[in-house]
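Residue numbers (the numbering used here), protein chains in the order written: chain S, 1 to 294; chain L, 295 to 588; chain H, 589 to 882; chain B, 883 to 1176; chain P, 1177 to 1470; chain C, 1471 to 1764. Taking it in order: structure first as structure tokens, then the write-up.
There are 6 protein chains.
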Amino acid sequence: MTTNGLDSVGAEEMFDQDGAIFMGARRDPSDCQVGVFGVPYDGTTSFRPGTRFGPAAIREVSSGLETYCPQLDRDLDTLAYADLGALNIAYGAPEPVVQAVEQATARILALGLKPLMLGGEHSITSGAVAAVAREHPDLVLVQLDAHADLRQTWLGASHSHACAMRRCLEVLPSEDLLQIAIRSGTADEFSELHRSSRLVPLHQLHQRLSALRGRPIYLTVDLDWFDPAVMPGTGTPEPGGFTWPDFAALVDALQHHNLMAADVVELAPQLDPSGISSVLAAKVTRSLLLLMTQ
Amino acid sequence: MTTNGLDSVGAEEMFDQDGAIFMGARRDPSDCQVGVFGVPYDGTTSFRPGTRFGPAAIREVSSGLETYCPQLDRDLDTLAYADLGALNIAYGAPEPVVQAVEQATARILALGLKPLMLGGEHSITSGAVAAVAREHPDLVLVQLDAHADLRQTWLGASHSHACAMRRCLEVLPSEDLLQIAIRSGTADEFSELHRSSRLVPLHQLHQRLSALRGRPIYLTVDLDWFDPAVMPGTGTPEPGGFTWPDFAALVDALQHHNLMAADVVELAPQLDPSGISSVLAAKVTRSLLLLMTQ
Amino acid sequence: MTTNGLDSVGAEEMFDQDGAIFMGARRDPSDCQVGVFGVPYDGTTSFRPGTRFGPAAIREVSSGLETYCPQLDRDLDTLAYADLGALNIAYGAPEPVVQAVEQATARILALGLKPLMLGGEHSITSGAVAAVAREHPDLVLVQLDAHADLRQTWLGASHSHACAMRRCLEVLPSEDLLQIAIRSGTADEFSELHRSSRLVPLHQLHQRLSALRGRPIYLTVDLDWFDPAVMPGTGTPEPGGFTWPDFAALVDALQHHNLMAADVVELAPQLDPSGISSVLAAKVTRSLLLLMTQ
Amino acid sequence: MTTNGLDSVGAEEMFDQDGAIFMGARRDPSDCQVGVFGVPYDGTTSFRPGTRFGPAAIREVSSGLETYCPQLDRDLDTLAYADLGALNIAYGAPEPVVQAVEQATARILALGLKPLMLGGEHSITSGAVAAVAREHPDLVLVQLDAHADLRQTWLGASHSHACAMRRCLEVLPSEDLLQIAIRSGTADEFSELHRSSRLVPLHQLHQRLSALRGRPIYLTVDLDWFDPAVMPGTGTPEPGGFTWPDFAALVDALQHHNLMAADVVELAPQLDPSGISSVLAAKVTRSLLLLMTQ
Amino acid sequence: MTTNGLDSVGAEEMFDQDGAIFMGARRDPSDCQVGVFGVPYDGTTSFRPGTRFGPAAIREVSSGLETYCPQLDRDLDTLAYADLGALNIAYGAPEPVVQAVEQATARILALGLKPLMLGGEHSITSGAVAAVAREHPDLVLVQLDAHADLRQTWLGASHSHACAMRRCLEVLPSEDLLQIAIRSGTADEFSELHRSSRLVPLHQLHQRLSALRGRPIYLTVDLDWFDPAVMPGTGTPEPGGFTWPDFAALVDALQHHNLMAADVVELAPQLDPSGISSVLAAKVTRSLLLLMTQ
Amino acid sequence: MTTNGLDSVGAEEMFDQDGAIFMGARRDPSDCQVGVFGVPYDGTTSFRPGTRFGPAAIREVSSGLETYCPQLDRDLDTLAYADLGALNIAYGAPEPVVQAVEQATARILALGLKPLMLGGEHSITSGAVAAVAREHPDLVLVQLDAHADLRQTWLGASHSHACAMRRCLEVLPSEDLLQIAIRSGTADEFSELHRSSRLVPLHQLHQRLSALRGRPIYLTVDLDWFDPAVMPGTGTPEPGGFTWPDFAALVDALQHHNLMAADVVELAPQLDPSGISSVLAAKVTRSLLLLMTQ
């Protein structure tokens, strides 16, 4: 297990750097603005596992993209960001995994970096949100997802991917959660979505975000928000989703906000032999990197 | 071969219940509104076989969907429908298969259930249409399909999937067939489509259906109507097809009609290792179940 | 969730019978000799997950085999055995899964059936061994496996698949464990194997089993014992394994012993698109069924 | 549909030459010793279809092999053989397919060529055997197969692949059938195999063939005779099969016999994404071509 | 190596005709309007190879399409076009491949045919453009592509697929290049695109083409112009692309222009096991064939 | 592009360290005995490309193996070896690739390390052999391979994978080449093999190696030497190959020799979705590492 550059920041036990690295990233976090790390965990996945391979796949295909983004007219080549590697976790129960995520996120924040987490299943998000919200109590959580993820428990587990947002609400002081165009859930979940003001249709996105101008934002991208046509490699595909122009509109909307932290989760690359899911996830990651280094 | 619950209705020789069951369905048809059954047949498929695995795949992935449908705001959990299993058929010539489909459909109707058939290739539809049309002579047939399927014969066979609608017209007393946005066929088939008033562009769907208000409807969904991007797992993919919002518009249009019977055919799951085709077919099936139990 | 036949034996909450059934099996356990059940669990799998799909795959391909076995000259058609379906488990921590396995095995024994468990990952075996050993304290455990599985813990978990035999030894009063031709492990594990008399080369199999004549036997088949060429669909393939004639020799050796219980674990069918791994697992299961019904 | 060279021999309606060609073959059969043709049929396949793609796959991968065979020390480059293309067949019932095979084989014999048929499923063999046996009433049939294929009917069809040898016996005047090391069948089939002297263990092959010296031989190679490890791409894989050295031994044995006709059937290339099954089938075909041109 | 019909035109050394043929095409180019040929080359592909299999895949799936095109209301059955087979090339350095393409294109033009080339990687285009531009100095080049392909060199090679358009500009006297809706490139490439007037947004396509009425057009279709959802089988997929209706709009726009030559490149069929990419490429080829035979 | 640890040895331009690392290896070569490096090149591959992904695949699956080898009773954990990453190469012509390999090998030797190269196609071997032979003129080359690889040129290229051994002989002063159990080649190649004493049947391996005791050995492992059943993931699979026990016998034989350098080439991991080919290649690499650090 190699951990080049991490010994200087006391994180050498936390991460494993034996895998590939995201295009253009450094191992040493000094002078960087963003700290990318992977959480190869899919222990509570109930339907089709494999998101543990997500972080590695995103890194491997990233070199097939350009570093320049025409939409934002900015280039990764001019920026400094670190890829810290894979978080060391134990397989089995999710609670220690969520704890490890929280500690890693806190360490990254302590280093002065904005955390960008690559999953792994969605249950890991609450760990990262908890760490960021402790530093930024007015944090707003924006969720791209096909599913509401508001169950209290699922198949006997509370830290399940199907409960991801329920757990996040518990560690988010502001309880400000924007759930963008959710299209699947139980009758109870949709009843709650309609009662609260959390469900945001795409066409209200700009307006709803404007009201939050200046607040720190955590963006969690459950990749199954995208349509299965463009993102077949995910465990619980749901027909009727979104495509790149929809995501690009969100990127536009976020340009003038304070994107403090983010994650990209639920990529299961082995379900998609064509690899287009991994490429989409890498391009999403490139956009987030550029938004977080403005 | 197990056939739980069927012995009471005298159908124990007709179906095989050794396979998986559609989410939330019962084996015993008593008190049910809909009778789901599979026809694992692809004997006349000329290009890429595998639709025989369609019914099993739809059932297996169904548990990855929620039982609640936000569009219709209704929940399968509150409804009673039976999954009768797989129709027992002989491989080889299609004629005895079509006959077996007709007999099974008639038996299901006799039990007071609406038939919902999972294919299998499209040639099986004429058997089900024949049985339903005998009870409902004013039956209207609505076809979602990429292909006109109006050939008289194909590669020497009359009960070929390429002749599916031609055979249906022969057993449909009303000859009222709506072919929704067909996009592939021979010059002769398109000539016939344009001469008749059968070809219905998507934007005329509501209006054309309105004229048929009150009439019993049989909806046959050849899944290759969908674009190959969202439905790669079908034998004869045709670029330029439709996506979920288009199907959802049809579901909206059918809410106030009398959907008496339906089928979902031409899923070839092994052509799509990502499984998104099977999930789409299962979601289509969920919508049809909800429409047939209003 | 359907559970036909189980209500009469009070196990209707324990198993889910929505999936396919093993060829020739019944749902109702009355008058049966063997009770087959699946445990679709892979929560501690550290390398490549997917054994959760093993039980379903074994059942689905079983119909491609004949019911007659030329080696044993016996036919499943003449025997009575039940397929009780899938054990209901929670995803996440392994401990409750192992407990559920123990309770299910005890229930099956109480019904007068010999348990035959389909995995799932190897960590489930200790639950079944515990239940059988409680009734049969002189139980002998015979392990086919590529790996020693004798770690005390693995990646922070004690009920990991890498610790399967360590956990079994803790619940096996006799501590009589035969590890057949293990070919992978740590230096410590091999040191222990060589110190103890547990490691049994293939050519000593007959002789070592003979010494145990009359004792009840639990056979655990980790399918990665087979060579990756014949069993590519497993999470941790290890070159240099065995083929069908080697297994047939074991079947020969076991014909005159008291095979009281067995499991077939670590099939990860999605890793092998050809399906030959599932077919091999089904043929292994057929042999075990025939050995358990003599 | 192109049929170069066939117009001169009056077979232009019989074959389709739009596909790839076997390495080193000609289209024009003049002056050739062997006539290769494909039968892309899998209409009665009950388990996993796809043998219709077998002939094309064998041709496509053939260029990855050398034309020289070290075992026989002979080179295809020095020989003349024709690839006549794909037999035109109708999908659906098998009877007309078997008839078309018989007519095509007769035509090839009339041209002075030895027929070498690439399948497709095994049910086509009886058509070719019938044509050859009409010219050579003392024809001996040698079968490589995992399965006995002696059922009278299967799933309601008499010309099923599971009945292939039963149908062959009906058109083989000598009834001399050698079934090499069959390893799967019903109890009845094995009872018949043991009663008759047809079942030939591998070690008796040389001796049993010697007794037939001088007689014309038809060799039918059902590729599932090979072990699934080396031939995963077949519809009904059966563990415990054979490998290349076993086949090479048969080639040795046949060197001094009169191999008059042959077929290679049951390759389902899409089940094996690695392509090794197709390569093995092509190498088998190369050996047969060399044996038939001595 | 067979080359039917080519001996009469002196090209028998240039092409290999052992592979499959595009639907409805002839081998003999006499009296034909278009000459289709394949260039199975991917030697400079830096990310994911496999476009060498593109030409064969397009031909193989072409028979799954109808010969009639409803959009253009024209039928391939009424037209004469030749499929000359695969260009013989050496693997390794790209320069001799580009030269061979140029010679083959010149030969096809000399036969009075319009060339339609199936790739292969994009680096081959400059060879064909050079030959056409020598005969038609006012040739306009229209490029469908995700990438600008304007690098001077890439990974040390000048004839790389990443430099395809740079090389084309060098052999195109008019330097009239329309780059349709390019969405990926370096900062330098986009700077050049914006400086020049080459970048054509989709909505300006009709207008920009109108200004070129009467000029001979070479259309190069890099299939990664399409969205990865509809074209997953390409080496460098780029999210945010186009779908069939966008291409159909281009076909509409080209109906009244002089399409003199075309190519369809960058299909990597093995990356897409569903085959929808190959079908899309074949349908694109059908449209081009119809446009080139008006 | 990161190159940790290499700046100290002046090789930071030569290797790219953005990818995964072989289990247990270090990045910094100081104090190491072996220097592993990858050459992701498949530019001359004529049949099925993809060996460029070989080095990455070997590294990724290596963590699924134990570090301890029971055969040699030694453990990688106790040894020091470096993984220097991927050699930077240009795609296109093979000559500069072979040169880069030669320079990299020379640099590694200069650092006091034994080179262990992961391919990539076989044409790269001559570069490494040249560098080693310059330091060790009495170098013996031992080749595991299905193919003779003795062509002078292939498809117009001299540095083709089909000419690998011909090129090696040109840079090997001793011309001592042992070709172990070659099973495929042209008539000319086999004629040369039989004339020379290079072809070594497996049973003569020990004896032939004994005669070379004390001489430095370069072992090149073309993985297609193995049977396609255990190594489906290679470009040119050849039935009739070898399995793990055969390789283990070679390892035994080499224990008392001076293994100075080695390579493992022709793994094409994407052809084998099960991954067993990559695991076998990683286990081969583990054995070589242990042999080279004795």
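We put the beta carbon where it would ideally sit given N, CA and C, even for glycine.
| Item | Value |
| --- | --- |
| For S:Asp18, count neighbouring C-beta atoms within 10 Å of its own C-beta (all shown protein chains included) and say buried if the count is 16 or more, exposed if not. | buried |
| Give me, in chain order, the residues of the same chain whose beta-carbon lies closer than 6 Å to that of B:Cys1045; leave out the 5 immediate sequence neighbours on both sides. | Arg1033 and Trp1036 |
| Counting only C-beta atoms, is L:Gly414 closer than 8 Å to chain H at any point? | no |
| For S:Gly185 and H:Pro637, what's the separation of their Cα atoms in angstroms? | 26 Å |
| In terms of residue numbering, what span does the beta strand (DSSP E) encompassing S:Met117 cover? | Lys114 to Gly119 |
| Return the chain-ordered list of same chain residues with a C-beta closer than 6 Å to the C-beta of L:Pro349, the five sequence neighbours on each side being excluded. | Gly332, Pro334 and Leu412 |
| Contact defined as beta carbons within less than 8 Å: I believe L:Phe316 pairs with L:Arg353. What is the distance between those atoms, to the nearest angstrom? | 5 Å |
| Buried or exposed: where does S:Arg286 fall if 16 or more other Cβ atoms within 10 Å of its Cβ makes it buried? | buried |
| For the stretch 1228-1246 of chain P, which residues have a beta carbon sitting closer than 9 Å to at least one beta carbon of chain C? | Arg1228 and Phe1229 |
| Please list the terminal residues of the continuous beta strand (DSSP E) segment that includes S:Ala82. | Tyr81 to Leu87 |
| Comparing the C-beta of H:Val728 with each C-beta of chain B, is any distance below 8 Å? | no |
| Assess, as a yes-or-no matter, whether the stretch 1537-1554 of chain C is touched by the stretch 1241-1258 of chain P under the definition of 3 or more beta carbon pairs within less than 8 Å. | no |
| Taking the C-alpha atoms as reference points, what is the distance between L:Leu582 and B:Pro976? | 36 Å |
| Looking at C:Arg1685 and C:Val1749, is the spacing between their C-beta atoms short of 8 Å? | no |
| For the structure I just gave you, are there three or more beta carbon pairs, one from the stretch 669-680 of chain H and one from the stretch 852-870 of chain H, closer than 8 Å? | no |
| Do L:Thr338 and L:Gly529 count as a contact pair if the criterion is CB distance below 8 Å? | no |
| Out of C:Pro1709, C:Ala1699 and C:Glu1708, which has the shortest C-alpha to C-alpha gap to H:Gly828? | C:Ala1699 |
| Is there a Cβ of chain S sitting closer than 8 Å to that of H:Leu743, yes or no? | yes |
| Within its chain, find whatever has a CB closer than 7 Å to the CB of L:Pro467; leave out the 5 residues flanking it on each side and keep chain order. | Ala427 and Pro431 |
| Using a beta-carbon distance cut-off of less than 7 Å, what residues from the stretch 771-798 of chain H approach chain C? | Arg771, Ser772, Gly773, Thr774, Ala775 and Phe778 |
| Counting pairs of Cβ atoms below 8 Å between the stretch 111-125 of chain S and the stretch 23-37 of chain S, do you hit three or more? | yes |
| Say whether chain C places a C-beta atom closer than 8 Å to the C-beta of B:Val1161. | yes |
| My parser needs the alpha helix (DSSP H) runs of 4 or more residues fully inside the stretch 692-758 of chain H; what are they? | 713-723 |
| Taking C-beta pairs closer than 7 Å, name the residues in chain H that L:Gly313 reaches, listed in chain order. | Ala608 |
| Considering S:Ile58, what are the terminal residues of the alpha helix (DSSP H) in which it resides? | Gly54 to Ser62 |
| How do the stretch 828-840 of chain H and the stretch 782-796 of chain H stand: do at least 3 beta-carbon pairs fall below 8 Å, yes or no? | yes |
| Tell me which residue opens and which closes the beta strand (DSSP E) that S:Val265 is part of. | Asn258 to Val265 |
| If contacts are defined as beta-carbon pairs under 8 Å, then S:Leu87 and S:Ala100 qualify, I think. What distance do you get, rounded to the angstrom? | 6 Å |
| Rank H:Ser651, H:His710, H:Glu723 and H:Arg783 by C-alpha distance to the C-alpha of H:Arg883 and give the top, closest one. | No answer is possible for residue 883 of chain H: it lies beyond the span of chain H, which begins at 589 and ends at 882. |
| Name the residue from P:Ser1334, P:Arg1384, P:Ile1265 and P:Leu1345 whose alpha carbon lies nearest to the alpha carbon of C:Ala1627. | P:Ile1265 |
| Does DSSP put H:Val689 in a helix, a strand or coil? | helix |
| Who are the Cβ neighbours of H:Glu601 in its own chain at under 6 Å, not counting the five residues just before and after it? | none |
| Return the chain-ordered list of same chain residues with a C-beta closer than 6 Å to the C-beta of C:Phe1517, the five sequence neighbours on each side being excluded. | Gly1705 and Thr1706 |
| By the 10 Å Cβ neighbour count, where 16 or more other Cβ atoms means buried, how is B:Gln1025 classified, buried or exposed? | buried |
| Which chain P residues are close to L:Gly337, counting only those with a beta carbon under 7 Å from its beta carbon? | Ordered by position in chain P, no residue passes the 7 Å Cβ test against L:Gly337, which lies about 18 Å from the chain. |
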